[in-house]
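Asks: The structure follows.
Residue numbers (full-length UniProt numbering): 1 to 620.
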């Protein structure tokens with residue numbers, strides 16, 4: 001044993017130190033292969049470490065070195081070396097996985113096997129595994145590995161996950177691998193690796209999983225109901241099941257989906273009937289989050305035929321009411337007061353479920369528009385959240401042009417607007433996210449269905465003031481959204497008398513707001529408002545677009561407003577002279593189409609107002 005140990009040390013040292021040099025001696029590849037086989041024999045020396053065998057551990061780093069050196073060559077040489085050393089690596093996996101070790105050597109065996117698996121992961125990530133004949137042998141060996149050890153089991157899961165794309169092209173191998181993944185799924189200590197691996201397989205192999213769908217759903221439902229995994233892993237698992245269901249025939253999805261979500265909907269109803277407490281609240285948000293995750297990936301309209309790759313037809317109108325994707329959200333709308341109204345923190349989760357459903361189904365969501373409009377209005381009136389406004393914006397985008405749904409959409413917009421105007425009246429400064437989403441919502445309305453502004457229920461003058469207030473926010477996204485609102489509103493003032501009247505009365509205030517300096521805000525923290533020096537210069541682009549729109553659609557009025565506002569001494573900044581103000585006005589009024597030039601004019605005036613023209617800051 002001492003002699004063989006010494007020989008092994010010499011062989012390993014030579015192999016590690018001169019691996020690349022020996023590989024480059026292509027005329028003597030057989031001699032080097034003999035050395036590699038000698039090291040392979042040392043890896044599999046029989047005995048019990050460290051009682052009667054202490055040699056195998058010496059070889060571990062050599063296999064890393066050989067792999068790295070082979071992969072460092074150009075592709076042509078790699079192909080040659082991989083052809084020569086594939087059989088060696090197959091024997092290596094077989095040697096390690098079939099070794100009979102007692103408990104004292106369990107650790108070394110795990111390290112060797114883990115190292116090999118990491119090596120195969122590296123191969124899968126660095127070369128096109130679809131053109132590798134190494135993988136079938138690996139797939140055949142993996143089920144023979146004992147995953148009772150958590151560290152080794154984790155590595156096995158990740159290795160399987162790295163081969164998901166290969167499995168998609170070789171679905172016949174799924175039957176030998178999936179049971180191992182499901183075995184890992186029931187173990188909390190393998191939560192991250194097993195769930196992420198199942199998700200990758202369901203995503204890549206969805207069209208070939210029908211024979212295994214029931215087993216996957218059964219095990220997944222069991223671990224979800226037993227709460228084996230943490231919340232984030234439950235979300236991943238639901239995404240995996242969404243991919244799985246998306247690959248099934250449409251007529252099979254509904255039944256399987258009902259079986260999957262029914263226990264969770266029932267749990268939701270039960271929780272809502274109990275006295276309010278933080279635990280119930282957290283559980284409700286968790287369940288709604290799982291549903292949202294499911295509908296993120298459950299998309300039956302983009303199914304592809306596994307053999308031809310052709311997209312399947314969309315659902316017919318008669319199928320729409322039975323659309324599987326709508327069955328989960330419709331369960332929530334059965335009783336909105338009971339399921340989500342009492343909890344402010346549940347609003348985001350509820351809206352998340354429907355947002356994913358609307359984006360997935362598009363017009364197929366139509367049968368639920370009335371229910372959702374009523375529920376969303378109730379939720380927002382009780383607990384205003386930006387997520388509700390964002391969901392409403394999606395509904396406007398998709399359904400505002402549909403005469404069957406316009407009445408429901410209009411009613412929803414009136415409720416949301418009324419509730420948001422109350423927030424603005426009370427002081428919106430603590431709700432920049434609501435202000436931002438509200439501006440985006442009304443910009444979408446003006447773009448998709450401007451005649452909604454003909455409703456007597458919409459206070460257009462108040463909306464105009466909300467836009468002006470939003471322009472003064474220090475948060476860039478809010479200012480950007482408000483600018484977008486005005487650029488959508490101004491072109492429609494000519495054709496809509498009600499808008500024109502508001503512009504006539506308050507256009508000067510809009511112009512003044514864009515130009516004014518808000519001296520109360522802290523310049524050092526870049527919390528500023530408007531071109532005259534109070535806003536971050538990055539906002540100049542948005543303000544210039546509003547000024548361009550004013551000049552394009554009401555040039556005479558803009559000329560009057562500029563003259564009246566700029567004649568005020570010290571406005572918008574004491575840094576600019578009367579002549580400079582006049583020059584700015586004339587330059588601006590000459591440009592009605594050139595957005596880039598208007599931006600330059602506004603930027604130059606902004607620098608003058610800051611006293612920065614000619615300084616190093618003028619380049620930023």
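Beta carbons: idealized from backbone N, C-alpha and C, even for Gly.
On a Cα-Cα basis, can you pick out the residue from 368, 412 and 362 that is closest to residue 378?
Replies: Ranking the options by Cα distance to residue 378, first place goes to 412.
Asks: Roughly how many whole angstroms lie between the Cα atoms of residue 2 and residue 59?
Replies: Using only the alpha carbons, I get a separation of about 16 angstroms.
Asks: Beta-carbon of residue 500 versus every beta-carbon of chain D: anything under 7 angstroms?
Replies: In summary, chain D is missing from the structure at hand, where a single protein chain is found.
Asks: Please name the residue in 196, 247, 409 and 214 whose C-alpha comes closest to that of residue 368.
Replies: When only C-alpha atoms are compared, the closest one is 409.
Asks: Apply the 10 Å Cβ neighbour rule to residue 549 and answer buried if 16 or more other Cβ atoms are within range, or exposed otherwise.
Replies: By the neighbour-count rule (16 or more Cβ atoms within 10 Å), residue 549 is buried.
Asks: Cα separation between residue 46 and residue 8?
Replies: Going by the C-alpha atoms only, they are around 14 angstroms apart.
Asks: Any idea what DSSP makes of residue 42, helix, strand or coil?
Replies: Residue 42: helix per DSSP, three-state reduction.
Asks: Take residue 146 as the anchor and find which of 510, 289, 164 and 106 has the nearest alpha-carbon.
Replies: Measuring from the Cα of residue 146, the nearest candidate turns out to be 106.
Asks: Would you identify the three-state DSSP class for residue 576, choosing helix, strand or coil?
Replies: In this structure, residue 576 counts as coil in the three-state DSSP scheme.
Asks: Can you list, in chain order, the residues of its chain whose CB lies under 8 angstroms from that of residue 88, leaving out five sequence neighbours each side?
Replies: Cβ neighbours of residue 88 beyond the five flanking positions: 33, 36, 37 and 40.
Asks: Mind checking which residues open and close the alpha helix (DSSP H) that includes residue 467?
Replies: Note, residue 467: alpha helix (DSSP H), 460 to 471.
Asks: Using the three-state DSSP reduction, which class does residue 163 fall into: helix, strand or coil?
Replies: If DSSP states are grouped into helix, strand and coil, residue 163 belongs with coil.
Asks: Applying the 10 Å Cβ sphere with the 16-neighbour rule, what's the burial state of residue 151?
Replies: That one is exposed.
Asks: Would you call the CB atoms of residue 540 and residue 471 closer than 7 angstroms?
Replies: Contact flag unset, no.
Asks: Using only CA atoms, which one of 564, 223, 574 and 547 lies nearest to residue 600?
Replies: Checked all of 564, 223, 574 and 547; the closest Cα to residue 600 is 547.
Asks: Could you tell me the distance, in whole angstroms, from the CA atom of residue 18 to the CA atom of residue 242?
Replies: Distance between the alpha carbons of residue 18 and residue 242 is about 51 angstroms.
Asks: Please classify residue 567: is it buried, with 16 or more other beta-carbons within 10 angstroms of its beta-carbon, or exposed?
Replies: Classification of residue 567: exposed, given that the 10 Å Cβ count is below 16.
Asks: Beta carbon of residue 407: closer than 6 angstroms to some heavy atom of the ligand ZN?
Replies: This structure does not include the ligand ZN; it has no bound ligands of any sort.
Asks: Which whole-angstrom value is the C-beta distance of residue 481 and residue 436, which I expect to be below 8 angstroms?
Replies: Contact flag correct, Cβ pair sits at about 5 angstroms.
Asks: Excluding the 5 residues flanking residue 370 on each side, which residues of the same chain have their C-beta closer than 6 angstroms to its C-beta?
Replies: The answer, listed in chain order, is 408.
Asks: Classify residue 474 as buried or exposed, calling it buried when 16 or more other Cβ atoms lie within 10 Å of its own Cβ.
Replies: Buried.
Asks: Below 8 angstroms on the Cβ atoms is my contact criterion, and I expect residue 433 with residue 386 to pass it. Report the Cβ-Cβ distance as a whole number of Å.
Replies: Right, the Cβ-Cβ distance comes to about 4 angstroms (below 8 angstroms), so this counts as a contact.
Asks: So, does the region 274 to 282 touch the region 239 to 256, judging by three or more C-beta pairs under 8 angstroms?
Replies: They do not touch, by the three-pair rule.
Asks: Could you check the C-alpha separation between residue 366 and residue 153 for me, to the nearest Å?
Replies: One C-alpha to the other measures close to 46 angstroms.
Asks: Report the rounded CA-to-CA distance for residue 559 versus residue 589, giving the unit in angstroms.
Replies: Each residue's Cα considered, the two are about 7 angstroms apart.
Asks: Here's a check: name, in chain order, each residue in its chain whose Cβ is nearer than 6 angstroms to the Cβ of residue 5, leaving out the five neighbours to either side.
Replies: Here the set comprises 55.
Asks: Between which two residues does the alpha helix (DSSP H) holding residue 285 run?
Replies: It spans 278 to 297 - the alpha helix (DSSP H) in which residue 285 sits, taken as one unbroken run.
Asks: Which of the three DSSP states is assigned to residue 149 in this structure?
Replies: Residue 149: coil per DSSP, three-state reduction.
Asks: Do you know how far the Cα of residue 220 is from the Cα of residue 171?
Replies: Approximately 21 angstroms between the Cα atoms of the pair.
Asks: Is residue 444 buried or exposed, if buried means 16 or more other CB atoms sit within 10 Å of its CB?
Replies: Label assigned to residue 444: buried.
Asks: Do residue 280 and residue 288 come within 7 angstroms of each other at the CB atom, strictly closer than that value?
Replies: No, these two residues do not count as a Cβ contact at 7 angstroms.
Asks: Take the Cβ of residue 28 as the centre, count every other Cβ of all protein chains shown within 10 Å, and call the residue buried at 16 or more, exposed below.
Replies: Exposed.
Asks: In angstroms, rounded to a whole number, what distance separates the CA positions of residue 165 and residue 204?
Replies: Roughly 6 angstroms between the two C-alpha positions.
Asks: What residue does the alpha helix (DSSP H) around residue 375 start on, and which one ends it?
Replies: Unbroken alpha helix (DSSP H) run through residue 375: 369 to 382.
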